[in-house]
Amino acid sequence: MRRWAIRAANAALFTLGCFLAARIAVAILAEVLLPERAEATVGRALPVAGDVSRADTQVILARNLFGAQIAGEAVPTPDTATLEAVETKLPLELLGTVAGEDASVSSAAIQDLGTRKHQVVYVGDAIAAHPSYTVDRIDRGVVYLRGPDKLEKLLLKEDEPDGAKVAAAPQRRGRRVAARTRAQAAAPSDSMAERLAELQEEVGARTTAALYSQARIIPKWEEGKMVGVQLNQVKPGSLYDKIGIRSGDVITSLNGIAIDSPQASSRLLSEFTQAEEFDIVKQDGSTLHVGTSELEGMLSGDDEG
Numbered sequence: 340m341r342r343w344a345i346r347a348a349n350a351a352l353f354t355l356g357c358f359l360a361a362r363i364a365v366a367i368l369a370e371v372l373l374p375e376r377a378e379a380t381v382g383r384a385l386p387v388a389g390d391v392s393r394a395d396t397q398v399i400l401a402r403n404l405f406g407a408q409i410a411g412e413a414v415p416t417p418d419t420a421t422l423e424a425v426e427t428k429l430p431l432e433l434l435g436t437v438a439g440e441d442a443s444v445s446s447a448a449i450q451d452l453g454t455r456k457h458q459v460v461y462v463g464d465a466i467a468a469h470p471s472y473t474v475d476r477i478d479r480g481v482v483y484l485r486g487p488d489k490l491e492k493l494l495l496k497e498d499e500p501d502g503a504k505v506a507a508a509p510q511r512r513g514r515r516v517a518a519r520t521r522a523q524a525a526a527p528s529d530s531m532a533e534r535l536a537e538l539q540e541e542v543g544a545r546t547t548a549a550l551y552s553q554a555r556i557i558p559k560w561e562e563g564k565m566v567g568v569q570l571n572q573v574k575p576g577s578l579y580d581k582i583g584i585r586s587g588d589v590i591t592s593l594n595g596i597a598i599d600s601p602q603a604s605s606r607l608l609s610e611f612t613q614a615e616e617f618d619i620v621k622q623d624g625s626t627l628h629v630g631t632s633e634l635e636g637m638l639s640g641d642d643e644g
């Protein structure tokens, strides 16, 4: 009996010794033969949560990278501009657009090539000569029209190479209008406002459609805020050009109205068509002032030319 107890104790000691030796051998092999893996494991340490500022996380949340939607939010409708819209065959010409983030104040000026009539349209408006077509969306330089069976787009045509695409009346009509204007200028008018209205009616230089066609008007955004409207491709001889506005100028204020929202950009066009004088502030800090008599001379010059 004693002999069996001694043998059992020896077997247990032998097994324990083998186990300890194996652990030591594995540790040595891991340290010697696999040093790169051990270093790589240490190098993947996660950054401390305190190193990330709240501002950084807020930027990521604001971008909504994964398109997350909070419960109760309205599901955004698909952007019709991404659909396969075909260029319209309607006899229409796009004169210009004012497109902002708020679709309700985006507008465009369209000319019917058959009747030569102008129409200023907003989203949801029907085309006067083609009532089965409605304005579905207004983007920069393009108007999407919803037809009876498909979506069509009306594009803003590029200016001619010489930049002188001017619609001139027949020469005889121009002489008659100039003579009538000079006769009216000699007669006393009831008010300067009426005089300007008469000139505007004859010349058409300050109609909304004309203002759209004389330059490309684009809302100017900086850091997510509207800071004014930028006028590009100002046509030589246009009202903008005579006032002193050049291509690329950003208007931040007109007659005391700060152009800091899409709604204000609509008021900008109203001022250009109705005001008797202009006080303009540009983004670079420069100012322009056009008095009533100067404006009358500009419109009279358009008429006689």
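Everything in the sequence shown is counted per this note's numbering, starting at 340 for the first residue and increasing by one. Backbone N, C-alpha and C fix where the C-beta goes; we use that ideal spot for every residue, glycine too.
Notebook entry, point to check: When the Cα atoms are used, what is the spatial distance from G576 to D488?
Noted result: Cα-Cα distance, rounded: 42 Å.
Check: Is it the case that the Cβ atoms of P470 and G453 are separated by a distance below 7 Å?
Finding: For the 7 Å CB-CB criterion, P470 and G453 do not form a contact.
Item checked: Length of the line joining the Cα atoms of D599 and D451 -> Cα to Cα, the separation comes out at about 32 Å.
Margin query: Taking a contact to mean a Cβ-Cβ separation below 7 Å, would you say V566 touches A554 in this structure?
Written below: Result no, Cβ atoms of V566 and A554 do not sit closer than 7 Å.
Check: Alpha carbon to alpha carbon, how far is V459 from E491?
Finding: If you draw a straight line from the Cα of V459 to the Cα of E491, it is about 18 Å long.
Item checked: Close Cβ partners of R606 (< 7 Å) along its chain, the five nearest in sequence each way excluded -> Closer than 7 Å at Cβ, skipping near neighbours: I596.
Margin query: Less than 7 Å between the C-beta atoms of V629 and I582, yes or no?
Written below: In this structure, I582 lies closer than 7 Å to V629 by Cβ.
Margin query: Are the CB atoms of V568 and I556 within a distance shorter than 7 Å?
Written below: Cβ atoms of I556 and V568: closer than 7 Å.
Check: beta strand (DSSP E) containing P470: first to last residue?
Finding: From DSSP, the beta strand (DSSP E) with P470 extends over H469 to D478.
Notebook entry, point to check: What is the residue span of the beta strand (DSSP E) that S446 lies within?
Noted result: Note, S446: beta strand (DSSP E), S446 to D451.
Checklist line | Status (buried if at least 16 other CB within 10 Å, exposed otherwise) for R476 | finding: By the neighbour-count rule (16 or more Cβ atoms within 10 Å), R476 is buried.
Item checked: Cβ pair D623, N594 closer than 7 Å -> Note that the C-beta distance between D623 and N594 is not below 7 Å.
Margin query: With distance defined between alpha-carbon atoms, name the residue in I590, R485, N571 and I345 nearest to E423.
Written below: The shortest CA-to-CA distance from E423 to any of I590, R485, N571 and I345 is the one to R485.
Next item on the list: Pull up the distance between the alpha-carbon of E326 and that of T631, whole angstroms please.
Entry: Any question about residue 326 goes unanswered here, given that the chain covers just 340 to 644.
Note to self: Tell me which residues share the same chain as A448 and place their Cβ nearer than 7 Å to its Cβ, disregarding the 5 neighbours each side in the sequence.
What the structure shows: Here the set comprises L434, G435, H457, V459, T547, A548, Y551 and S552.
Item checked: Buried/exposed call for A603, threshold 16 Cβ in 10 Å -> Buried is the call here.
Note to self: According to DSSP, W560 sits in a beta bridge with which residue or residues?
What the structure shows: Looking at the DSSP assignment, W560 forms a beta bridge with M565.
Next item on the list: In the DSSP assignment, find the alpha helix (DSSP H) that holds S604 and state where it starts and stops.
Entry: Its alpha helix (DSSP H) spans residues P601 to Q613.
Note to self: What does the alpha-carbon distance come out to for the pair S609 and L570?
What the structure shows: Rounded to the nearest angstrom, the two C-alpha atoms are 16 Å apart.
Next item on the list: Provide the residue span of the alpha helix (DSSP H) that contains R362, from first to last.
Entry: It spans R341 to L372 - the alpha helix (DSSP H) in which R362 sits, taken as one unbroken run.
Note to self: Quick check on this structure: which residue in L359, K564 and A350 has the alpha carbon closest to the alpha carbon of P601?
What the structure shows: Comparing Cα-Cα distances from P601 to each of L359, K564 and A350, the minimum goes to K564.
Margin query: Please report the distance separating the alpha-carbon of R362 from that of R342.
Written below: R362 and R342 have their alpha carbons spaced roughly 31 Å apart.
Margin query: Taking only three categories from DSSP, how would you classify L495?
Written below: L495 sits in coil when the DSSP states are folded into three classes, being neither helix nor strand.
Next item on the list: With DSSP collapsed to three states, give me the class of D588.
Entry: Annotated three-state conformation of D588 is strand, per DSSP.
Next item on the list: Could you check what DSSP says for E633 in three-state terms: helix, strand or coil?
Entry: Of the three classes helix, strand and coil, the one that applies to E633 here is helix, per DSSP.
Item checked: For Q458, the residue or residues it bridges with in DSSP -> For Q458, which the question treats as bridged, DSSP gives the partners I449.
Note to self: Given a cut-off of 7 Å on the beta-carbon distance, is the pair G480 and L493 in contact?
What the structure shows: No, the pair does not count as a contact, with Cβ atoms beyond the cut-off.
Notebook entry, point to check: Based on the DSSP output, what are the partners of K621 in its beta bridges?
Noted result: BP columns for K621 point to I590.
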